[in-house]
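Counting the sequence shown from 1 gives a position; the working numbering is that position plus 211.
Beta carbons: idealized from backbone N, C-alpha and C, even for Gly.
Heads up: the structure comes next, in structure tokens.
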Amino acid sequence: MKNKENEMLISTDENIRKFADGEILGQKDAFSESVQVRLRLSKSAIMYILRNEKEYISNCAITFEYNTSMISACIEKLQRTKPGDWDDPEDLASNLIVAIFQMIYEKAIVTGNWESSYEFPIIDFILGPGISQTELERRQFPLWAFSFQKDLNKSEAKKNLLELQATIARIDALNKEHNMKTKEWKKTIEDWDERLKEYQESLSNMAGQYNFVGLAKAFKELIEKKKRESFLARLYLIAMAVIILLPLAASIYVSYLIWADANAGMDPMKNKLLLGLPVLIPLEIVLIYFFRIILKEQLSLKAQILQLELRYSVCAFIEGYAKFAEGMAKDKLDRFETLIFSGITPDPTAVPSTFDGMEQLAGLIQKFQK
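Next up, the structure:
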């Protein structure tokens, strides 16, 4: 089969190959201008067929094989043609063109690819005034069928063009609709973005409020703790006052009894009472000193509670005040800030520590020893 196909190849024909290479054009003096035009058109078509001959063999094998022999014979006769020969060069050139045209026409019918066939100049030559209708009818070539198919393809091309335009119009409409939808979605996304920003700001405010709530809670717990300490300090203060007053009250009572009855024989008791005064007086001094320490501690706790209550109250409006202060001149709010954020505690002297009290007590004892 492969050998058979090789035998059918147009490139194996020596006459056709040389004709395509331009080596054989016969004696130019023996050919008229019209013959030379047909030979040039035939050469152009044969060169194309040589480049695609396997495609022609697969689509129009019988016509290709028969017309190849006829083309080769025409070329051989044209090569031997001389002035006065029996063979007419005009007729041979026309046979050559028609044989080539038949192969192009059949391949176009089989493949349905008419557009590539229109590219050959030989087609325009045949459909034009190049070969007369009588000459084509004599060769039984259906030129009208090819013309009809060409017009039909033009109408189909026009129809395809209209369909393409309609498709493009639909695509444009879909594109416009898509753009509108895209704008709507973009606007929706922007709206949601604005809402998210509002929610984010609201959550930030809530977080700040919760932070101040936690701070206020801490202040409240400290206030309660300090109030408990203040209550205990008050109890210690009352107890210390009672302890200080008991020896004095007892001494006053005993002195009253002694001096009320001068003849009661209470001289020994008087002596004992007088002897006990040096001990009672330092003891009262020490008790009064510790009473002072407890009193100072009580005052300090009250001052701490007062400041904690102030800061606890400030937590209620500090966030709004911070925002308000951003847009105000700083010097206009200095007095306000001084009034609000300054301490309200009295200015007592430093509270003596336990070691301070012990040092002062030791100093007092040393004075009595001297």
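Where does residue i sit, in a helix, a strand or coil, going by DSSP?
i      : result
Cys285 : helix
Asn386 : helix
Asn306 : helix
Asn263 : coil
Ser441 : helix
Ser243 : coil
Asp404 : helix
Phe230 : helix
Pull up the distance between the alpha-carbon of residue i and that of residue j, whole angstroms please.
i      : j      : result
Glu405 : Ile379 : 38 angstroms
Lys265 : Val248 : 27 angstroms
Tyr447 : Gln509 : 10 angstroms
Leu250 : Glu374 : 41 angstroms
Ala514 : Val497 : 26 angstroms
Gln411 : Glu401 : 15 angstroms
His389 : Glu409 : 30 angstroms
Phe502 : Ala460 : 17 angstroms
Ser253 : Tyr277 : 17 angstroms
Tyr464 : Lys436 : 42 angstroms
Ile381 : Thr399 : Note that residue 381 corresponds to Arg in the displayed sequence, not to Ile. Those two C-alpha atoms are separated by around 26 angstroms.
Trp403 : Ser413 : 15 angstroms
Leu491 : Pro458 : 8 angstroms
Arg291 : Gln376 : 57 angstroms
Ser462 : Lys438 : 37 angstroms
Lys387 : Gln313 : 51 angstroms
Glu395 : Leu385 : 15 angstroms
Lys397 : Val525 : 45 angstroms
Glu432 : Pro493 : 42 angstroms
Asp383 : Glu301 : 57 angstroms
Apply the 10 Å Cβ neighbour rule to residue i and answer buried if 16 or more other Cβ atoms are within range, or exposed otherwise.
i      : result
Val321 : exposed
Phe442 : exposed
Val453 : exposed
Ser243 : exposed
Leu407 : exposed
Leu307 : buried
Asn263 : exposed
Ser245 : exposed
Ala256 : buried
Trp297 : The pLDDT assigned to Trp297 is 48, lower than 50, so where the model puts this residue is not dependable, and the model offers no usable value.
Trp355 : Residue confidence for Trp355 is low, a pLDDT of 48 falling below 50, so the modelled location carries little weight and cannot support an answer.
Identify, in the order they occur along the chain, each residue of the same chain with its Cβ nearer than 6 angstroms to the Cβ of residue i, setting aside the five sequence neighbours on each side.
i      : result
Glu440 : Leu512
Met281 : Ala310
Cys285 : Leu303, Asn306 and Leu307
Phe430 : Leu519, Arg522 and Tyr523
For residue i, I'd like the list of residues in its chain whose CB is within less than 7 angstroms of its CB, leaving aside the five on either flank, ordered along the chain.
i      : result
Ile505 : Ala444, Tyr447, Leu448 and Met451
Output needed for residue i: all residues of its chain with C-beta closer than 8 angstroms, excluding positions within five of it in sequence on either side, in chain order.
i      : result
Ile499 : Ile455
Ile434 : Ile516, Leu519, Glu520 and Tyr523
Lys392 : none
Asp299 : none
Glu495 : Ile455, Pro458 and Leu459
At a cut-off of 8 angstroms, would you count residue i as near the ligand ZN, judging by its Cβ distance to the nearest heavy atom?
i      : result
Val248 : With respect to the ligand ZN, the structure offers nothing, as it holds no ligand at all.
| said: Three Cβ pairs or more, each shorter than 8 angstroms: is that satisfied between the segment 303-320 and the segment 266-276? | reply: yes
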